[in-house]
Amino acid sequence: MTAPSDPTLGPGLGAPIGLADRKAPAQPPMSGLAIAALVVAFFSGLAGLIIGIVARRQIRRDGTRGDGLAVAAIVIGAVRLVVEVPLAILLVAGLSTGTDDVSVGTVVESVPAAGPFAPGTCAASVAGTGGGASTVDCSVPHVLEVVGTYTGELGSDAAREECRRQVADHAADVPEIPAYRADAIPLRLDSPDTSACVIIFTDGDVSGSVLDGSVVPAS
Numbered sequence: 546m547t548a549p550s551d552p553t554l555g556p557g558l559g560a561p562i563g564l565a566d567r568k569a570p571a572q573p574p575m576s577g578l579a580i581a582a583l584v585v586a587f588f589s590g591l592a593g594l595i596i597g598i599v600a601r602r603q604i605r606r607d608g609t610r611g612d613g614l615a616v617a618a619i620v621i622g623a624v625r626l627v628v629e630v631p632l633a634i635l636l637v638a639g640l641s642t643g644t645d646d647v648s649v650g651t652v653v654e655s656v657p658a659a660g661p662f663a664p665g666t667c668a669a670s671v672a673g674t675g676g677g678a679s680t681v682d683c684s685v686p687h688v689l690e691v692v693g694t695y696t697g698e699l700g701s702d703a704a705r706e707e708c709r710r711q712v713a714d715h716a717a718d719v720p721e722i723p724a725y726r727a728d729a730i731p732l733r734l735d736s737p738d739t740s741a742c743v744i745i746f747t748d749g750d751v752s753g754s755v756l757d758g759s760v761v762p763a764s
């Protein structure tokens with residue numbers, strides 16, 4: 546005997562289809578390029594911006610997911626680029642001028658345009674630079690003058706002693722020289738094993754040069 550048909554079902558229909566039997570449509574894969582763009586944007590604004598734009602185009606073409614990540618990478622990359630470009634311009638402008646910051650007693654990043662701390666180079670103190678200095682003509686007030694150089698181990702006792710000797714020899718030729726101390730500034734660029742021997746005036750700015758004996762307290 547055949548089982549009685551369910552009057553609620555239409556002709557030819559069997560048991561009702563349950564919700565559990567209905568399969569959800571498969572989601573498209575996530576774009577790996579969009580993920581990479583977001584990560585790179587935190588390290589390089591330009592690279593993150595470019596990869597983010599490429600990722601968005603790929604997502605639109607292939608129908609993959611990750612458009613939000615690509616947009617975030619573009620925004621972050623653009624913001625970083627706005628900050629990075631002016632900094633790069635300032636850095637290039639600073640390197641192209643003849644006035645360079647010199648940290649007394651530490652390894653310096655750059656040297657005056659006139660040469661790697663040639664004897665006779667003078668420097669004036671700069672407020673707010675943590676003891677930095679900028680090169681000036683010795684006829685204007687300054688706090689530091691290069692009197693010679695030493696080639697050998699940087700930061701060694703031999704470098705300091707040789708620079709003290711050079712400074713003392715020049716200071717001995719200057720009557721009533723203002724209070725001073727000697728120091729050796731290691732150079733890093735053109736002369737990686739050379740130190741500049743400098744005389745640093747401790748009681749304030751001076752004008753004139755130690756090398757020609759014309760140094761006097763600045764008025």
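In terms of the working numbering, the sequence shown has 743 at position 198, counting the first letter as 1, and numbering is strictly consecutive. Ideal placement from N, C-alpha and C gives every residue a C-beta, glycine not left out.
About 7 Å separates the beta carbon of residue 610 from that of residue 574, a gap short enough to meet the 8 Å contact definition.
Of 719, 620, 666, the smallest CA-CA separation from residue 592 is found for 620.
In this model, residue 714 and residue 746 are separated by some 16 Å (Cα to Cα). The beta carbon of residue 579 is closer than 6 Å to those of 600, 611, 614, 615 in its chain, skipping five residues each way along the sequence.
A direct Cα-to-Cα measurement between residue 624 and residue 630 gives close to 10 Å. Cβ contact annotation for residue 572 (same chain, cutoff 8 Å, sequence separation greater than five): 610, in chain order. Distance from the Cα of residue 706 is smallest, within the candidate group 741, 719, 752, 684, for 741. For residue 585, the enclosing alpha helix (DSSP H) begins and ends at 577-586. Between the alpha carbons of residue 752 and residue 695 lies a gap of roughly 25 Å. Residue 729 sits in a strand when the DSSP states are folded into three classes. Exposed is the label assigned to residue 698, since fewer than 16 other Cβ atoms lie within 10 Å of its Cβ.
A residue is called buried when at least 16 other Cβ atoms come within 10 angstroms of its Cβ; residue 576 meets this threshold and is buried.
In the three-state reduction of the DSSP assignment, residue 686 falls in the coil class. Between the C-alpha atoms of residue 586 and residue 607 there is a straight-line separation of about 23 Å. By alpha-carbon distance to residue 758, the top candidate from 727, 726, 717, 739 is 717. Of the residues assessed, residue 728 falls on the buried side of the cut-off, its CB having 16 or more other CB atoms within 10 angstroms.
Apart from the 5 residues on each side of it in sequence, residue 754 sits with its Cβ closer than 8 Å to the Cβ of 665, 667, 683, 690, 760 in its chain, given in chain order. With a 10 Å radius around the Cβ and a threshold of 16 neighbouring Cβ atoms, residue 596 comes out buried.
Take the alpha-carbon of residue 725 and the one of residue 719: they are about 12 Å apart. By the neighbour-count criterion, in which 16 or more other beta carbons inside 10 Å mark a residue as buried, residue 634 falls on the exposed side. Taking the CA atoms as reference points, residue 663 sits about 44 Å from residue 622.
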